[in-house]
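**Q**
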Amino acid sequence: MSVLVQSDRETAWQAFSESCRQCQQCSLSTTRKNVVIARGRVPAPLMIIGEGPGADEDAQGIPFVGAAGKLLNLLLFAFDLTDQDYHICNIVKCRPPQNRVPAPDEAAACKPLLAQQFRLVQPRVIVLLGATACQYFLGTKTGITKLRGQWIEKNGYFIMPTFHPAYILRNNNERIRLWQDIGLVRAKLEELGFLQPLDDIPVMPRGRQ
């Protein structure tokens, strides 16, 4: 990648971030503390998409910094995946009050921003965390239990639906399912040539952070 291309990409990302911060396309703009745009690399081979910011994320302006984020980071790190390997964001960039599910009009208001973000990140592998992300990204109402663990190939992208880590915090017996799905994601990134195979077999961590 040339210096000029990288410079252009950084300029485009800065312009995109500013447009997000100025957005007032839905009522969430009146209750947010911060616009929560993303964390990680641009571009990145892996893009992880959740539902929406929680209280911790709204306070800090960074996605997945609360309890669910700490669990997700723990599981990703066990597979030697850090924010230098992925880009993480949400369907909506402002916290819905009381952490409710984003309304259709709120997701629709954020859709053009997510599409622009997608073009800047240029991922090959996409992880959708939870039913809400699957509903709005894939346009499906199929339950996450049926969707998870199976690759969806669409327009040259490899999409892996899986459980949201917030669900795992409430249902720890399902942790193994999220762990298995992250393992599939790691293997796909290796298959596509983005990562080298691990020397050791990862062991699923038991803690939450």
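Mind the numbering: the sequence shown is residues 254 to 462 in the working numbering, read in order.
Cβ atoms here follow ideal geometry from the backbone N, Cα and C, with glycine treated the same way.
Every value quoted in this text rests on a predicted model; they were computed, and no experiment measured them.
Under 7 Å between the Cβ atoms of I344 and A386?
**A** yes
**Q** With a threshold of 7 Å on Cβ separation, who are the neighbours of T395 within its own chain once the five nearest residues in sequence on each side are excluded?
**A** none
**Q** Take T283 as the anchor and find which of K346, R428, D336 has the nearest alpha-carbon.
**A** K346
**Q** Taking all protein chains shown into account, decide if P365 is buried (16 or more other Cβ within 10 angstroms of its Cβ) or exposed.
**A** exposed
**Q** For C342, write down the residues that DSSP places opposite it in a beta bridge.
**A** I302
**Q** Exposed or buried, F330, counting other C-beta atoms within 10 Å across all chains shown (16 or more means buried)?
**A** exposed
**Q** To the nearest angstrom, how far is the alpha carbon of R401 from that of W432?
**A** 11 Å
**Q** The ligand GDP and Q278: does any heavy atom of the ligand fall closer than 6 Å to the residue's C-beta?
**A** Of the ligands one can find in the structure shown there are none, so the ligand GDP has no counterpart to examine.
**Q** Does the pairing of the segment 406-418 with the segment 452-460 give three or more beta-carbon distances under 8 Å?
**A** no
**Q** Could you tell me the distance, in whole angstroms, from the CA atom of V318 to the CA atom of L437?
**A** The straight-line gap from Cα to Cα measures roughly 24 Å.
**Q** For Y339, does the count of other Cβ atoms within 10 angstroms reach 16, so buried, or fall short, so exposed?
**A** buried
**Q** Rounded C-beta distance between L381 and V295? I'm assuming under 8 Å.
**A** Incorrect: roughly 19 Å between the Cβ atoms, too far for contact.
**Q** Counting only the same chain and skipping the five closest in sequence on each side, list residues whose C-beta sits under 7 Å from that of Q388.
**A** K394
**Q** Output yes or no for whether 7 Å exceeds the beta carbon distance between P466 and A297.
**A** In the structure as shown, the chain begins at 254 and stops at 462. Residue 466 is therefore absent and cannot be evaluated.
**Q** Which residues in the same chain have their Cβ closer than 7 Å to the Cβ of Q369, if we skip the five residues on either side of it in sequence?
**A** So the list reads F269, once near-sequence residues are dropped.
**Q** Is there at least one Cβ from chain D nearer than 7 Å to L281's Cβ?
**A** Protein chains in the displayed structure number just one, and chain D is not present.
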